[in-house]
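K.L.:
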Amino acid sequence: MSALSIRNVWMEYTGQIVLERINLEIESGAFVAIVGPSGCGKTTFLRLLLGQERPTRGSIMLDGAPMPDEPGPDRGVVFQRYSVFPHLTVLGNVLLGAELAAAPLLGRLFGAPRRRAIDAARALLAEVGLAESEQKYPAQLSGGMQQRLALAQALICKPRVLLLDEPFGALDPGIRSEIHTLMRRLWRERGVTIVMVTHDLREAFFLGTRVVVLDRLRNRPEERQRYGATITQNIEVHRRRTPDADLESGRDDPARMDPTRRDDPVRQN
Amino acid sequence: MRRLINIQPGWLRWPLALLPFVLLALLYGIGATLRHAENPDDKVLPPLVAMVSAVERTALTPDKRTGEYVFWSDTGASLQRLAIGIGGAVAIALVFGLAIGLLPMVNALLAPLTTVLSMIPPMALLPILFIIFGLGELSKVVLIVVGVAPCLVRDLALAVGKLPREQIVKAQTLGASTWQVLLRIALPQALPRLIESLRLALGPAFLFLISAEAISAENGLGYRIFLVRRYLAMDVILPYVAWITLLAYLMDTALASISRRVFRWAHGAGHQG
Ligand SMILES: Nc1ncnc2c1ncn2[C@@H]1O[C@H](COP(=O)(O)OP(=O)(O)O)[C@@H](O)[C@H]1O
Ligand SMILES: [Mg+2]
Chain X
1 MSALSIRNVW
11 MEYTGQIVLE
21 RINLEIESGA
31 FVAIVGPSGC
41 GKTTFLRLLL
51 GQERPTRGSI
61 MLDGAPMPDE
71 PGPDRGVVFQ
81 RYSVFPHLTV
91 LGNVLLGAEL
101 AAAPLLGRLF
111 GAPRRRAIDA
121 ARALLAEVGL
131 AESEQKYPAQ
141 LSGGMQQRLA
151 LAQALICKPR
161 VLLLDEPFGA
171 LDPGIRSEIH
181 TLMRRLWRER
191 GVTIVMVTHD
201 LREAFFLGTR
211 VVVLDRLRNR
221 PEERQRYGAT
231 ITQNIEVHRR
241 RTPDADLESG
251 RDDPARMDPT
261 RRDDPVRQN
Chain C
1001 MRRLINIQPG
1011 WLRWPLALLP
1021 FVLLALLYGI
1031 GATLRHAENP
1041 DDKVLPPLVA
1051 MVSAVERTAL
1061 TPDKRTGEYV
1071 FWSDTGASLQ
1081 RLAIGIGGAV
1091 AIALVFGLAI
1101 GLLPMVNALL
1111 APLTTVLSMI
1121 PPMALLPILF
1131 IIFGLGELSK
1141 VVLIVVGVAP
1151 CLVRDLALAV
1161 GKLPREQIVK
1171 AQTLGASTWQ
1181 VLLRIALPQA
1191 LPRLIESLRL
1201 ALGPAFLFLI
1211 SAEAISAENG
1221 LGYRIFLVRR
1231 YLAMDVILPY
1241 VAWITLLAYL
1251 MDTALASISR
1261 RVFRWAHGAG
1271 HQG
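Residue numbers (my numbering), protein chains in the order written: chain X, 1 to 269; chain C, 1001 to 1273.
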């Protein structure tokens, strides 16, 4: 569990201010949903948390220490696309994190350590409903299954913070509600702090303990370059992290494919 | 009437593929027969029997002077040069292509140089190679390397550079170092592409091989062709050309099938799922 503290962050690209005066405290174990109109800087904000980019001004602290300025294993991520590796099988994708950590030189495990890593990966795959697909390549999976895989792959490294950029935006509604249930369960069981960007308000309120709205306060064409988006609303959703709480049906069989909820394989190029 | 773009060959695929070959052979046969009827000593279009006996002479009978089977020792010498040359080019492509594609600093340093180098016509360098490396094996091999490597390097660097940024970031969030990103993410995804560009580079590689052998060698397929040209020995030249073509075709097919087998994910694994 980990707390994030974002203090007076500005983000400016040449000639354009994208984010300004962002102040946000994220308590440990929170599930923060970030919503806002398209192009307002949600992805940019996530890239800052990821360490992929540095804020022009301000600071971001993780558990009281400055955030490292490059991506690392303490912050996991799932993007809308390209989150899994097309050249690795489902099992290979989930194994990767363990292999990289244990084998700096070869990036591969052999023998007993490999068998142990495989056991751990299989347990996680079963949890996200991909046990039967472990030998498939991502291109053979549906969009929903690819995102489950991406979640498992990120979680095997036990990140302190999990960052999600519209992870379910491309999925059909039926598939999406199944994966929401899974997402909520994973969050509860693992106690990871989650920041998720979404454009779906229902999703934000269903999953989040806090919903943060990013928007531009000045949006006239001549003001666009000079004023960035900031946090316009920060809504606390009262939901405690209790295992027996609301809405769970108890049974969750996400691998089930219902013909009316078909989710065809995502084309990869 | 269906549109032409919708008409599939179906069972006609193989007959259609064979048709132009048969036509070409037929045309050659007619031409050879006509010329032979006119002048029994004609050398330009030798009949099939002449070519068969030429192959028998070079491939199945040992040379009187050296005791070697000329056809096979030529083939061996040429393939050895080709293998070393292509091997060198691939090694260079892997090192520099991956580094230029993945590391922004190396890209800034070497990408413009690579582009400029790839514009030099390799044949223009051949005299320089002969001067530096002498007339022996080395200059022929180096010509193949110089001719093939720049394209492979550029192609590989482009392919690695096109990997989605998300993948590189994702790998780092899984704890990957630069070396591990290179080894586990960039290299495996670059290999199928390397095989593709190698297939395209086979043609130029043979071109440089034959050219170097034509100018200076004691054996080799290109050497033989240019040697017997002096005697208008078309009965030797034509089988040699066919043999070179067959070798290149087999290499191309082998590379394609290796890629399909080893890199299943890169060849539409999704369609079977
Ligand atoms: N690397 C960049 N260079 C310049 N401008 C950028 C860059 N990345 C994003 N932007 C700009 O920042 C704004 C916000 O982009 P983004 O964060 O992707 O929005 P969102 O994810 O909310 O749709 C856009 O206007 C975009 O043009
Ligand atoms: Mg976005």
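For every residue, glycine included, the Cβ atom is placed at its ideal position computed from N, Cα and C.
Keep in mind the model is a prediction, meaning the values are calculated, not measured.
How many angstroms separate the CA atom of V1145 of chain C from the CA atom of A1124 of chain C?
P.N.:
Along the second sequence, read from residue 1 onward, the residue named residue 1145 of chain C stands at position 145. Along the second sequence, read from residue 1 onward, the residue named residue 1124 of chain C stands at position 124. Each residue's Cα considered, the two are about 14 Å apart.
K.L.:
Between which two residues does the alpha helix (DSSP H) containing F1071 of chain C stretch?
P.N.:
Walking along the second sequence from the start, residue 1071 of chain C turns up at place 71. Its alpha helix (DSSP H) spans residues V1070 to I1092.
K.L.:
For A1176 of chain C, go through chain X and note every residue whose CB falls closer than 7 Å to its CB, in chain order.
P.N.:
The count along the second sequence starts at 1 and reaches residue 1176 of chain C at position 176. Within 7 Å Cβ-Cβ: L100.
K.L.:
Can you say whether D258 of chain X is buried or exposed, counting buried as having 16 or more other CB atoms within 10 angstroms of its CB?
P.N.:
Start at 1 with the first residue of the first sequence, and residue 258 of chain X comes out as number 258. Note that D258 of chain X has pLDDT 39, beneath the 50 cutoff, so the model's placement of it is unreliable and no number is given.
K.L.:
Where do the ends of the alpha helix (DSSP H) carrying Y1249 of chain C lie?
P.N.:
In the second sequence, residue 1249 of chain C corresponds to position 249, counting from 1. Here the alpha helix (DSSP H) through Y1249 of chain C covers M1234 to V1262.
K.L.:
Do A1089 of chain C and A1159 of chain C have their C-beta atoms within less than 8 Å of each other?
P.N.:
Position 89 of the second sequence, counted from the start, is the residue given in the question as residue 1089 of chain C. Position 159 of the second sequence, counted from the start, is the residue given in the question as residue 1159 of chain C. No, Cβ-Cβ distance for A1089 of chain C and A1159 of chain C is not below 8 Å.
K.L.:
Below 7 Å on C-beta distance, what does I1185 of chain C contact in chain X?
P.N.:
Within the second sequence, numbered from 1, the residue matching residue 1185 of chain C stands at position 185. What I1185 of chain C touches in chain X: F85.
K.L.:
Could you pull the DSSP bridge partners for L19 of chain X from this structure?
P.N.:
Reading the first sequence from its first residue, position 19 is the one you call residue 19 of chain X. Its beta-bridge partners are X:M11 and X:A229.
K.L.:
What does DSSP give as the partner residue(s) for D172 of chain X in the beta ladder?
P.N.:
The residue labelled residue 172 of chain X in the question sits at position 172 within the first sequence. Answer is none; D172 of chain X lacks a bridge partner.
K.L.:
Residues in its own chain within less than 6 Å of A1217 of chain C by CB, not counting five upstream and five downstream?
P.N.:
Start at 1 with the first residue of the second sequence, and residue 1217 of chain C comes out as number 217. Here the set comprises Y1223.
K.L.:
For a test of the three-state rule: what should DSSP assign to G1147 of chain C, helix, strand or coil?
P.N.:
In the second sequence, residue 1147 of chain C corresponds to position 147, counting from 1. Correct three-state label for G1147 of chain C: helix.
K.L.:
With a threshold of 8 Å, are at least 3 pairs of Cβ atoms found where one atom belongs to the region 36-44 of chain X and the other to the region 1124-1135 of chain C?
P.N.:
no
K.L.:
Using a C-beta to C-beta distance shorter than 9 Å, which residues of chain C count as neighbours of V213 of chain X?
P.N.:
Counting from one through the first sequence, the residue named residue 213 of chain X turns up at place 213. Here the premise fails: no neighbours, minimum Cβ distance about 25 Å.
K.L.:
When every heavy atom of ligand 2 is checked, does at least one fall within less than 7 Å of the C-beta of D200 of chain X?
P.N.:
Translated into the one-based positions of the first sequence, residue 200 of chain X becomes position 200. No, since every heavy atom of ligand 2 falls outside the 7 Å radius drawn around the Cβ of D200 of chain X.
K.L.:
Taking the alpha-carbon of L1247 of chain C as reference, which of C:H1036, C:S1078 and C:S1118 has the nearest alpha-carbon?
P.N.:
To locate residue 1247 of chain C, count along the second sequence from 1; it is residue 247. Looking at the Cα atoms, C:S1078 is the closest of the given residues.
K.L.:
Using a Cβ-Cβ distance under 8 Å, would A1099 of chain C count as near chain X?
P.N.:
Within the second sequence, the letter at position 99 stands for residue 1099 of chain C. Not an interface residue.
K.L.:
I need the straight-line Cα distance from G15 of chain X to G228 of chain X, nearest angstrom please.
P.N.:
Within the first sequence, numbered from 1, the residue matching residue 15 of chain X stands at position 15. Within the first sequence, numbered from 1, the residue matching residue 228 of chain X stands at position 228. Rounded to the nearest angstrom, the two C-alpha atoms are 11 Å apart.
K.L.:
Out of C:K1043, C:W1072, C:V1044 and C:P1047, state which residue places its alpha-carbon closest to the alpha-carbon of R1057 of chain C.
P.N.:
Position 57 of the second sequence, counted from the first residue, corresponds to residue 1057 of chain C. Of the listed residues, the one whose Cα sits closest to R1057 of chain C is C:W1072.
K.L.:
Any residues in the region 31-61 of chain X with a beta carbon nearer than 7 Å to a beta carbon of chain C? Which ones, in chain order?
P.N.:
L50 and Q52
K.L.:
Please state whether DSSP places F293 of chain X in a helix, a strand or coil.
P.N.:
Summary: the structure shown does not reach residue 293 of chain X, with chain X confined to residues 1 through 269, and so no result is reported for it.
K.L.:
Where DSSP assigns a beta bridge to P66 of chain X, which residues make up the other side?
P.N.:
Against the first sequence, residue 66 of chain X aligns to sequence position 66. In the DSSP output, where bridge partners are listed per residue, P66 of chain X has X:M61.
K.L.:
Take L151 of chain X as the anchor and find which of X:S142, X:L182, X:Y13 and X:S177 has the nearest alpha-carbon.
P.N.:
As a working mapping, residue 151 of chain X is identified with position 151 in the first sequence. Nearest of X:S142, X:L182, X:Y13 and X:S177 to L151 of chain X, Cα basis: X:L182.
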